Structure formats: structure tokens, C-alpha cells
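To start, the structure itself, in C-alpha cells.
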Amino acid sequence: MSQPAYQNHTALSVAVALVTHQIFRRYETYSWFVHVILLLGPPTLVAAFLSGTSESTRSLLQVFLQSLPIHLITLSISIILYRLSPLHPLAGYPGPLSRKVSMLFPAYLSLSGEKCQYTRELHQKYGDVVRTGPNELSVIDTSAMQYLWNLPRGPANVGISLSDKRVPLVGIQDPTEHARRRRPWNRGMSQAAAKEYEHAFADRVHLLVRRLDEQPGKADLAKWIEYLTYDFMCDMAFGGGSELLRDGDKESVFAVMEHGLMVAGALMFVPWLGVYMGYIPGAAKALTALHRTGTKFVVDRLERGSTTRDLFHYLNNEDLPDTTPPPRQHLVDDGILAVVAGSDTVSSTATSLIYCLITHPDVYAALKAEVDKYYHPGDDPCNPRHYQDMHYMNAVINETLRIFPPTGAGGQRRVPWNAEPVVAGRYVIPPGTIIMMPQYTIHRDPRYFSYPNEFWPERWLIASGSLRLEDARMPSRTSQLAQGEFVLSDAAFIPFGHGPIHCVGKALGVLEMRMLTCALVHTFDFEAPQGWDAGTYPEQIKEYVTVTRPPLPVVIQSRW
């Protein structure tokens, strides 16, 4: 190639690549076809133009193969330089260089299950608002968060769903569509519906108590609790279909779930990659297996019909006979959500609660005294008539949710591309920005909670006015707080999210926690086995989409 021809070829390829970058930047799409056109189309046009000029007799293929690397390299350099430049809308927010360049690093880090700890370290280094991605901010300033809760969802669930066309309720980014799809969920999680589920959960807790009573003095309580919550999830959502408490996990249900969530946790950072993998058979085998589990439950339930007023009685509009049922794909998408959210979150929190009790004997003794006050030998602790008055039990549950939130990374929000910038206190957040509000980091911030790293249920009684600070038991290895030093921020306690798209199952989840806690404390004495290192439990907790449950070995003794 002559020098002028080479210069023309290079200049044209570079110019076309820069134009392509502007198209990518302004028009977000998950279409692989559009991506292929933007990656291969420009070099093809350059090749067609140059191969047809009089100064070049090279073949179209030759010029294309020379143009393609120039196009891709220029495009990559342009993207990186723009993301690092002061021209980027988020240039004013601090953060690590790798996060400003690409989301591939946080996706890779997610596979370790330690993203919550890493995010906390970032905020300790960079401050209240950290740039954690090219177009992502992590926010822990509650004065700014109040302006962000009303924003629509971010794109994380596109990657988890392996599709931008099929997402569950928690992944719908259009506020109008989300509100429409949420209506049957609201009916299915209403107080009237919860009364139906209450009896089913009580039956499962009674079975758990019998199974624990059969154990030879020692058991992995984490395993039994996850059996309980999974069986109940199937009862509540699909009218049955699981008997892990009776038969054990013969089909490796939880291995499938954990492996699937591990992949999902990475793909939520790179949703475009999830869409690509959805087109390639076997590319996301672990996540696809989790999808199949939810799909099977839904298909079996629809074929079986309604035998109880389960969640799908409402999601399928069976309570509204004059209303057309939703498309089956919507039900399948929500079935996958029910499998994970309906069992995983409660089991991880309940397991952590028992861990906190056996490692804090004074808290355990106080809770046991309250349970015994309301439920005597022979009483049914699954009868919820006293739960509202059991302030210490509710404080223990809140404190567990604070220390060990079931989704420590928090949910995504996003400023719509076509919206005005959002003014959140002293921060201006431009359109297209993804927002994370990490529960794990916020719940352990000393500005919002005194003794933030200590398990101290009394803080909730002090905050409610039912216990004076000077009368409260203080955490071990700490000094007495002065009256003005105590702090508990309601705005910073967000285990279920906040705003119009907060967790729809909050009320049911709290009921499950109360009933299970009351039943276990009323019926059994638990203690850590000899030689067990209690410090390994929090170290082994991993966060992918939800939090995992490490083994919790306990010595069990019946109280009555």
C-alpha cells in the first residue's frame, strides 16, 4: 500500500470509529445484531469505499482485514479516554481507575462473593459517593438517598435473566409497567393473603421442630432452616412441590441455586454479556439450571390448577375471574423470582440470627426470658398473637437484618436517559447514571448507628423510647455512651429497600422471622459445639445476588 493510501485508509478508519463511539454512547441497546453492525459495519464500509477507488486495487477482504483492527483499537481507546476524561458526566466523582474504565472488574470480583466488603473499603477511601463504574455511583449519604428511592430500577436483572425482553418484577425498568405488574403481587402479599400463608408456615415450622427433636444432639442448623424456607416457598408460591424437611436435598437444590446465583451476581454488572450468553446454549449452564427450576414450578402449578390461595392464585389473576391471565412468560419470570426471594433471604437472615444468639449469651438469655413470658410450656409459639408486643424479639430481628442484610449490595436505581439530572442534596446526578445504595456499608456506618460493628439489639429499644440509655446493657468491650452520643438513623436502615419499588414481600418475611425465632427459642436450647471457631461464620458469608448461608453447627437440647 502506498503511503498516501495507507494514510487515507488509517484516517478514514479512525474517523469512522470515533463516530461509532458516539452512537454507542448515545443509544444503549442489548441487541447483538446492532452490536455486530456497529463493530463490523464501519470497517466494511471503509473497505468498500477504498477498494473501489482508482488508487487501490486491493480486494474488499484485504482492506476489511486491515480496517477492522484499526476500528476496534480506536473505538476501545476512544471509550477508555472518554471515561477517564473531564468531559465524562461523572468525572467529578472519585473512584478507582479500574472502575471508571470498565464493569468487567466488579463482575470478576463478584465471583469471590466479597463485593460488600470491597464496596465498604471504597467508601472508607473515597467518601460518601463513589464512582464504581463508568456510569455508576455508589451512594451512602442518607441526605442524598431520600431523592433516589423513587427512581426506576437499573439494568442488573437484564443480565440475570439472560434477556432484555424477559425480566421478573424486580427487573422492570419502566415505572408504569412495573406498577402494572406489581398489582397482582400486592394482592398476593396483602394482609388477607398473608393469613393464608401464615398457617402453611406454621405447619412447616412444626415439622422443623419435630425433625430437630429427632437429631442426635448436634445438627447443621443452616441446612434445616434452608429446607424449611424452601419448602414453605413452594407452599406459598406454587401450592406445594417440595419436601426437603421430610426427604432431604436429594436433587442438590441448593447447589443449583448457589451456582446459579454466583453467575447471576457477575452478570448483573455486565448485562449485555448476560444477553449474549442467553443466545449460546450451555454458556450460562448454572444460571440456566436455576431458571429451569423456577420454570418447572410454574408449569406444574398451571397444569395442576389452584388448590389453595397461593401466590400464583393472584399472579395468574385466578382471584379475578373476569380478568385475562397474564402471558405465561411473565409468570415464568416471576416464578424464578419467587424461588430465590421467597426462600434465600429469610433462610440467610434466620441462620445469622441464631448465630448471633449463640455468640451473645446475654442477648440469648434476654430473648429467652421474653419468649417464656408470652409462651408457656404447652403453648404454641407459632400463634402470632403476641409477636407485636415482643419488643426484644423484634429488636433482635432488626439488629440481625442490620448486621447481616440479606442483600448487602442493595438494589439498583437509574436516572432515565431521557430525564433531567437529579439533584440529590448537594449532588447532581446526570441522566443514564446507575445508582447503588449498599446496605452492608450503610448499616455499618458510625454516623448512622452507634457501635456499628456490634450486635446490640438494645439500640432499637432505646430509639423507640422503651428503654433508657443509662439502663441499657452495653455491648462487650465498649464504654458507656453519653446521652447525646447515641445515634440510630431510620433513613439508614434499609434491609427491604425503600420507596415505591421496595421489597413487596417485607411483611411476610418479617412474619416468618418472628414465627421461626419464637418457635426455636421456645422449644430448644442451642449452643456452639466444643472447638468450633465462631469467627469463621461471618468470614464464610458470600454475597452474589443474595447472601449465602455458611454451615452453622449447633448442639441442640429440648427445653421441655
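Per our numbering: the sequence shown = residues 797 to 1356. Backbone N, C-alpha and C fix where the C-beta goes; we use that ideal spot for every residue, glycine too. All values reported here derive from a predicted model rather than from experimental measurement.
Selection from the options that minimises the alpha carbon distance to residue i
| i | options | result |
| --- | --- | --- |
| His884 | Gln1336, Thr1229 and Ser863 | Thr1229 |
| Val954 | Ala1060, Lys1046, Leu880 and Ile869 | Ala1060 |
| Ala844 | Leu1163, Gln862 and Ser827 | Gln862 |
| Gly1174 | Val1094, His1109, Arg1000 and Arg1355 | Arg1355 |
| Leu1127 | Phe1065, Arg962, Glu1039 and Leu933 | Arg962 |
| Thr816 | His1318, Pro838 and Met1270 | Pro838 |
| Glu1250 | Val1192, Phe1292 and Thr1089 | Val1192 |
| Asp1096 | Ser1038, Gly1207, Gly1331 and Leu1277 | Ser1038 |
| Lys1302 | Ala952, Gln987 and Leu907 | Gln987 |
| Ser1222 | Ala813, Gln942 and Gln858 | Rather than Ser, the amino acid found at residue 1222 in this sequence is Arg. Per the Cα distances, Gln942. |
| Arg796 | Leu836, Phe860 and Asn931 | Nothing can be reported for residue 796: it is not among the residues displayed for the chain, which extend from 797 to 1356. |
| Asp1329 | Pro1349, Ala975 and Gln1125 | Pro1349 |
| Leu1133 | Ile968, Tyr922, Glu1195 and Glu1339 | Ile968 |
| Ala1082 | Phe1050, Tyr1171 and Arg1105 | Phe1050 |
| Ser1272 | Ser908, Thr1155 and His1172 | Thr1155 |
| Leu868 | Ala811, Leu857, Cys912 and Pro1234 | Ala811 |
Neighbourhood of residue i by C-beta distance below 6 Å, restricted to the same chain and skipping five residues each side
| i | result |
| --- | --- |
| Pro1347 | Asp1016 and Ala1018 |
| Thr853 | Residue placement at Thr853 cannot be trusted, given a pLDDT of 49 that sits under 50; what the coordinates show is reported in the next sentence. Counting only Cβ-Cβ distances below 6 Å, and skipping sequence neighbours, we find nothing. |
| Val1094 | Leu1127, Val1128 and Gly1131 |
| Ala1215 | Pro1227 |
| Asp1027 | Arg1000, Ser1038, Leu1040 and Leu1041 |
| Leu808 | Val842 |
| Ala1415 | Absent from the structure is residue 1415, since the part of the chain shown begins at 797 and ends at 1356. |
| Lys1338 | Gly909 and Thr1344 |
| Ala998 | Cys1178 |
| Val859 | Ala843, Leu846 and Ser847 |
Close-in-space but distant-in-sequence residues of the same chain around residue i (CB under 7 Å, 5 per side omitted)
| i | result |
| --- | --- |
| Ser959 | Val1071 and Gly1074 |
| His1187 | Leu1257 and Ser1262 |
| Val1142 | Thr1025, Gly1305, Glu1308 and Met1309 |
| Leu1065 | Note that residue 1065 is Phe in the sequence shown, not Leu. Only Met899, Pro902, Ala903 and Ser906 meet the Cβ criterion. |
| Met1270 | Gln1276 |
| Ala1137 | Gly1301 |
| Glu1166 | Met1186, Tyr1188 and Met1189 |
N-terminal and C-terminal residue of the beta strand (DSSP E) that residue i is part of
| i | result |
| --- | --- |
| Val1219 | Val1218 to Ala1220 |
| Leu933 | Glu932 to Val935 |
| Ala1015 | Lys1014 to Asp1016 |
| Ser1354 | Pro1349 to Ser1354 |
| Val789 | In the structure as shown, the chain starts at 797 and stops at 1356, and residue 789 therefore has no counterpart that could be examined. |
| Val1224 | Tyr1223 to Ile1225 |
| Met1232 | Ile1230 to Met1232 |
Cβ-heavy atom distance, residue i to the ligand COA, below 8 Å
| i | result |
| --- | --- |
| Asp1115 | Ligands displayed in this structure: none; no statement on the ligand COA is therefore possible. |
Delimiting residues of the alpha helix (DSSP H) encompassing residue i
| i | result |
| --- | --- |
| Arg1210 | It is not in any alpha helix (DSSP H) - Arg1210 instead sits in the beta strand (DSSP E) that spans Gln1208 to Arg1210. |
| Met1189 | His1187 to Ile1199 |
| His1126 | Arg1124 to Ala1137 |
| Val1159 | Pro1157 to Tyr1170 |
| Cys1178 | Neither: Cys1178 is in no alpha helix (DSSP H) and is coded neither H nor E. |
| Ser1246 | No alpha helix (DSSP H) contains Ser1246, which DSSP labels as neither H nor E. |
| Ala1215 | First-last for Ala1215: undefined, no H or E at that position. |
| Glu973 | Pro971 to Gly984 |
| Arg879 | Leu856 to Leu880 |
| Ala1259 | Glu1254 to Ser1260 |
| Asp1140 | Asp1140 to Ile1154 |
| Tyr1110 | Leu1107 to Leu1111 |
| Leu836 | Trp828 to Ser847 |
Residues near residue i in its chain [Cβ-Cβ closer than 8 Å; skip 5 each side]
| i | result |
| --- | --- |
| Thr1332 | Pro1346 |
| Val1351 | Gly1013, Lys1014, Phe1322, Glu1323, Ala1324 and Pro1325 |
| Ser850 | With a pLDDT of 46 at Ser850, under the threshold of 50, the modelled position of this residue cannot be trusted, and the question is left open. |
| Pro1248 | His1239, Arg1240, Asp1241 and Pro1242 |
| Ser881 | Ala887 |
| Thr938 | Ile1238, Tyr1244, Ser1285, Ala1287 and Ala1288 |
| His974 | Pro948, Arg949, Leu965, Ile968 and Ile1297 |
Problem - Three CB pairs or more closer than 8 Å across the stretch 1143 to 1154 and the stretch 1311 to 1319 - result: Look at the beta carbons and you see the stretch 1143 to 1154 touching the stretch 1311 to 1319: at least three pairs across the two are nearer than 8 Å.
Exercise for the section: Could you say if the stretch 927 to 943 and the stretch 885 to 893 meet the contact criterion of at least three C-beta pairs nearer than 8 Å? Expected result: Counting C-beta pairs closer than 8 Å gives three or more between the stretch 927 to 943 and the stretch 885 to 893, which meets the contact rule.
Exercise for the section: Count the CB pairs spanning the stretch 1175 to 1182 and the stretch 1235 to 1254 that are closer than 8 Å, and state whether there are at least three. Expected result: In short, these stretches do not touch, since the Cβ pair count stays below three.
Exercise for the section: Ignoring anything shorter than 4 residues or poking outside the stretch 1006 to 1080, list the alpha helix (DSSP H) runs there in chain order. Expected result: Counting only runs of 4 or more, we get 1017 to 1034, 1040 to 1043, 1049 to 1063 and 1067 to 1075.
Exercise for the section: Note down, one range per segment and in chain order, each alpha helix (DSSP H) of at least 4 residues found wholly within the stretch 1285 to 1341. Expected result: Runs found: 1302 to 1319 and 1332 to 1336.
Problem - Contact the stretch 1099 to 1111 vs the stretch 972 to 981: 3+ CB pairs below 8 Å - result: Three or more Cβ pairs drawn from the stretch 1099 to 1111 and the stretch 972 to 981 lie within less than 8 Å of each other, which places the two stretches in contact.
Handout entry: Those runs of the alpha helix (DSSP H) which lie wholly inside the stretch 883 to 969 and span at least 4 residues
Key = The DSSP assignment places complete alpha helix (DSSP H) segments of no fewer than 4 residues inside the stretch 883 to 969 at 893 to 897, 900 to 906, 911 to 922, 938 to 941 and 952 to 957, in order along the chain.
Handout entry: Cβ contact (3+ pairs, closer than 8 Å) linking the stretch 1048 to 1065 and the stretch 1084 to 1093
Key = Contact holds between the stretch 1048 to 1065 and the stretch 1084 to 1093, because three or more Cβ pairs, one in each stretch, are under 8 Å apart.
Handout entry: At least 3 beta-carbon pairs within less than 8 Å: the stretch 986 to 1003 vs the stretch 1157 to 1170
Key = Fewer than three Cβ pairs drawn from the stretch 986 to 1003 and the stretch 1157 to 1170 lie within less than 8 Å of each other, which leaves the two stretches out of contact.
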